[in-house]
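Notes to accompany the following structure.
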Amino acid sequence: MAHIVIMGAGIGGMPAAYELRELLPKEHQITVVSAVSYFQFVPSNPWVAVGWRQRDDIVLEIGPLLARKGIAFVPQAVTTIDAPGNTLTLADGQSLSYDYLVITTGPKLSFDEVPGAGPHGGHTHSVCSVDHAQAFWHDYEQFLKNPGPIVVGAMPMASCFGPAYEFAFIVDADLRKRKLRHKVPMTYVTSEPYIGHLGLGGVGDSKSMLESELRNHDIKWICNARTTKVEAGRLFTTEVDGLGNVYKEHEVPFKLAMMLPAFKGVDAVAAVPGLCNPRGFVLIDEFQRSKAYRNIFSAGVCVAIPPVETTPVPTGAPKTGYMIETMVSAIAHNIADELAGRPVTAQGTWNAICLADMGDTGAAFVALPQIPPRNVNWFKKGKWVHLAKIAFEKYFLSKMKSGNSEPVYEKYVLKALGIVRLTDR
């Protein structure tokens, strides 16, 4: 009998647990370990931040869901990983041994890289967690009584730019519905070299389309922005040119700000010798297996993927939902094959597919593969994307409630977009 432990219970960890339970004989034990007791559907956090969703709409208690599938659950943070000894130490001091470890923790939010940033003692908000989204909503309710400037964007070394664009347009749409938009100057501040770069070197016509959308919504922007510090009501950022030389210094006023932070690996994972790159992301081979420890696998935002290209202000490459789905499925099949004495062959994909809500419309992009040159390079806008994002939310939450391991992107999203699956990196 083997014991498979999954660290993290998010969009990667929960599907990993379900798929492993489906593939493995019952004698093999599966345990999920998570620092929090709930699953949150992170793509809906921007809606929570403006009151379009409540916390209970997108949060599910993990324990009962996993128990119904015969999967153990430990609601504890991991403080130490003894990789050679195949043991985890948990926050309450207990130890948990494993035969296989699957790391799907997501990132550490590195607010401390910019002084004054972050919702914990800083001056900016985030929508990276449901707690952060609720904190924005709390301040936003007060803001609506006496509006002022808003800043939205992404810090240096950020790698997930889609939610920043989403949030700018969602706030814009909400303010228009409230007849308050004319009282709120908006600025989009990003480390991307140009609008629509998205950490991907652009996708299709994303540059001109998103620039046009920002203009049409009266949102100013600053690109190549090396944000250096944040004070109460003021964001300081240095705009550089294509060579990284200082072009202009900006002091951007705000009454409310949401700036996505840089990501790093969580402390317990980053501390394991030989497991990660310098920023704490897990180094994996083509089978999602650690390059240093053959019984450790990893998927999602916590894996190391090199930037698509060098940019004047450092940016990272995003890990989208489709990419995470294929990584998780590859891990489940590879562990099942290895336990059955078969060679591992399953590989995830670095293809990027995203449905981005824009309040009352939306934008969908497909980059197959993620790193140019591409077989598919596609970017489209329309109200159908907004509706598709709502349908995706409802389906994914239903999937988590039922314990279904069916691949969402593979079966529905790609077909809806009229695109066949391409797994070539």
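The C-terminal position of the sequence shown is numbered 424 in numbering that gives the first Met the number 0, with every residue numbered one higher than the one before it.
Virtual Cβ for every residue (Gly too), placed ideally from N, Cα, C.
Being a predicted model, the structure only gives us computed values, none of them experimental.
Limits of the unbroken alpha helix (DSSP H) element including residue i
i	result
A335	320–338
P372	Looking at the DSSP string, P372 is not in any alpha helix (DSSP H), and its letter there is neither H nor E.
L354	Not the alpha helix (DSSP H): L354 falls in the beta strand (DSSP E), residues 351–356.
C268	Checking the sequence, you will find Val at residue 268 rather than Cys. V268 -> alpha helix (DSSP H) spans 266–269.
Rounded separation between residue i and residue j - CA only
i	j	result
R278	F110	14 Å
D55	V375	37 Å
G299	P162	16 Å
V35	F72	11 Å
P14	K182	44 Å
N44	E60	17 Å
G381	A345	35 Å
V419	K68	With a pLDDT of only 46 at V419, under 50, the local geometry of the prediction cannot be trusted, and the value read off the model is given with reservation. Using only the alpha carbons, I get a separation of about 31 Å.
V407	Y193	31 Å
L259	G120	16 Å
L421	Q369	Because L421 sits at a pLDDT of 41, beneath the cut-off of 50, its placement in the model cannot be relied upon, and the following sentence gives the value as read from the coordinates. Their Cα atoms are separated by approximately 11 Å.
F168	V47	14 Å
M257	M357	16 Å
R373	D204	14 Å
Y17	V268	23 Å
P184	D81	51 Å
K379	F364	6 Å
H425	D91	In the structure as shown, the chain begins at 0 and stops at 424. Residue 425 is therefore absent and cannot be evaluated.
T78	M156	25 Å
E212	F160	16 Å
I352	E308	19 Å
A335	S328	11 Å
T88	T186	44 Å
Identity of the residue in the options nearest residue i by Cα
i	options	result
L282	V407, P42, I102	I102
G243	K254, I194, N223, V251	N223
P427	G402, A387, S328, T189	The displayed coordinates of the chain run from 0 to 424. Any statement about residue 427 would go beyond what the structure contains.
L439	G347, A366, M185	As displayed, the chain neither begins before 0 nor continues past 424, which places residue 439 out of reach and without an answer.
H2	S96, G200, G9, H131	S96
Q53	D130, V31, G105, S125	D130
P342	N350, H332, M258	H332
G434	T310, W349, A339, V312	The displayed coordinates of the chain run from 0 to 424. Any statement about residue 434 would go beyond what the structure contains.
D98	A172, S328, V202, I295	I295
V113	Y394, G201, A329, L234	L234
T123	G152, G105, K263	G152
E248	G358, H385, I221	I221
K254	Q141, C127, Y394	Q141
V271	Y292, E285, A261	Y292
S128	V307, A172, Y139, P106	P106
Q93	L197, V32, G62	V32
M326	L338, G12, K228	G12
P24	I70, M399, R180	I70
E324	M6, I10, I389	I10
K206	T236, P63, W377, A231	W377
V58	P148, P252, K400	K400
A132	N145, L143, P118, G84	P118
G198	K263, D217, T237, P313	P313
Range covered by the beta strand (DSSP E) that runs through residue i
i	result
F364	361–367
P252	245–252
E238	233–239
L209	Careful: L209 lies outside any beta strand (DSSP E), inside the alpha helix (DSSP H) at 205–215.
T189	185–189
L425	Since the first residue of the chain shown is 0 and the last is 424, residue 425 is not available in this structure.
L259	255–259
V229	224–230
K219	218–221
Three-state class that DSSP yields for residue i in the structure shown
i	result
G50	coil
A172	helix
R177	coil
V419	With a pLDDT of 46 at V419, under the threshold of 50, the modelled position of that residue is not reliable, and the figure given next carries that caveat. DSSP places V419 in coil when its eight states are reduced to three.
K382	helix
C301	helix
K290	coil
I283	strand
E405	coil
M399	helix
V312	coil
V41	helix
I5	strand
I194	coil
Chain C within 8 Å of residue i, Cβ atoms only
i	result
F296	Absent here is chain C; the protein component of the structure consists of one chain.
Only counting runs of 4 or more residues, tell me where the alpha helix (DSSP H) segments fall wholly within the stretch 47–100, in order along the chain.
Qualifying alpha helix (DSSP H) stretches, in chain order: 54–57, 61–66.
In the stretch 103–170, which residue ranges form an unbroken alpha helix (DSSP H) of at least 4 residues, counting only runs that do not cross its ends?
Within the stretch 103–170, the complete alpha helix (DSSP H) runs of at least 4 residues are 129–142.
Could you pull out every unbroken beta strand (DSSP E) segment of at least 3 residues lying fully inside the stretch 10–35, listed in chain order?
Fully enclosed beta strand (DSSP E) runs of 3 or longer: 28–32.
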